[in-house]
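For reference, the structure is listed below as structure tokens.
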Amino acid sequence: MSFYKNFISLSEYNLWMNENIYSSAEKLSDEIRKKDMGAFFGSIHGTLNHILWADKNWLGRFVDAGYGSAILDRSIALVERTQSSNHHYEIHSDFSKLKSERKNLDEKLVRWVKEGLSEEIIRKNLEYKNTKGVSFSDPIYEVLTHFFNHQTHHRGQITTLLFQNGIDPGITDYIFFTRSRH
Numbered sequence: 004m005s006f007y008k009n010f011i012s013l014s015e016y017n018l019w020m021n022e023n024i025y026s027s028a029e030k031l032s033d034e035i036r037k038k039d040m041g042a043f044f045g046s047i048h049g050t051l052n053h054i055l056w057a058d059k060n061w062l063g064r065f066v067d068a069g070y071g072s073a074i075l076d077r078s079i080a081l082v083e084r085t086q087s088s089n090h091h092y093e094i095h096s097d098f099s100k101l102k103s104e105r106k107n108l109d110e111k112l113v114r115w116v117k118e119g120l121s122e123e124i125i126r127k128n129l130e131y132k133n134t135k136g137v138s139f140s141d142p143i144y145e146v147l148t149h150f151f152n153h154q155t156h157h158r159g160q161i162t163t164l165l166f167q168n169g170i171d172p173g174i175t176d177y178i179f180f181t182r183s184r185h
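Read in our numbering, the sequence shown has 146 at position 143, and its numbers run on one by one without any break.
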């Protein structure tokens, strides 16, 4: 399988898993979702916000470098420097708004990977600055791998918090997702 086809599959898995995680989290009260449970970003809500924050930062870097195509534009990125450098920045305090923006972003992400990227593009380098202003140049395929891996890492934290609160998000394995599509 090519890198490109793999990223298509990962973007679709990402959409599927985020829908699953948000549906599971929706079963909890807002108070429990926002309760500090000792996770790195405190709560389920805080961790969901962080994932969206990081995605908007990364996708904004792609847009800034000219890789956004017509699908992604600057409006998806965080506009204020204080927003883009604060890993604990709360994008939405309202869960329904957070869920809606997550779904919208995931749908754009799938379209962007399918229609805006190619095997040739993902082998190029992305020139960007991190949240501290340090410049980097990394192969796009490595940045995309980090992008999807970062979400998986934090969704794993969220599934633990969900289990601790009596919610079973079901099977989250990528291989289960791929088998369910065939």
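Heads up, the beta-carbon is just placed ideally off N, CA and C, and yes, glycines get one too.
The beta-carbon separation of S72 and E118, rounded to 7 Å, stays under the 8 Å limit for a contact. A Cβ-Cβ distance of about 6 Å is found for the pair N17 and D109, placing them in contact under the 8 Å criterion. Rounded to whole angstroms, the Cβ separation of R36 and S46 is 6 Å, and the two are in contact under 8 Å. Nearest C-alpha to Q154 among A28, H48 and H53: H53. Following the DSSP letters along the chain, one finds L129 inside the beta strand (DSSP E) bounded by residues N128 to K132. The C-alpha of Y70 is placed about 31 Å away from the C-alpha of S183. Your pair S14 and L112 checks out as a contact, with CB atoms roughly 5 Å apart and the cut at 8 Å. Here the C-alpha atom of N133 lies approximately 34 Å from the C-alpha atom of I174. Taking K102 as the centre and dropping the five residues before and after it, the same chain places the C-beta of Y25 closer than 6 Å to its C-beta, in chain order. Within the same chain, and ignoring the five residues on either side of W115 in sequence, the residues whose Cβ sits closer than 7 Å to its Cβ are S72, I74 and L75. Judged by DSSP secondary structure, S140 falls within the beta strand (DSSP E) whose first and last residues are S138 to P142. About 35 Å separates the Cβ atoms of L164 and A68, ruling out a contact at the 8 Å cut-off.
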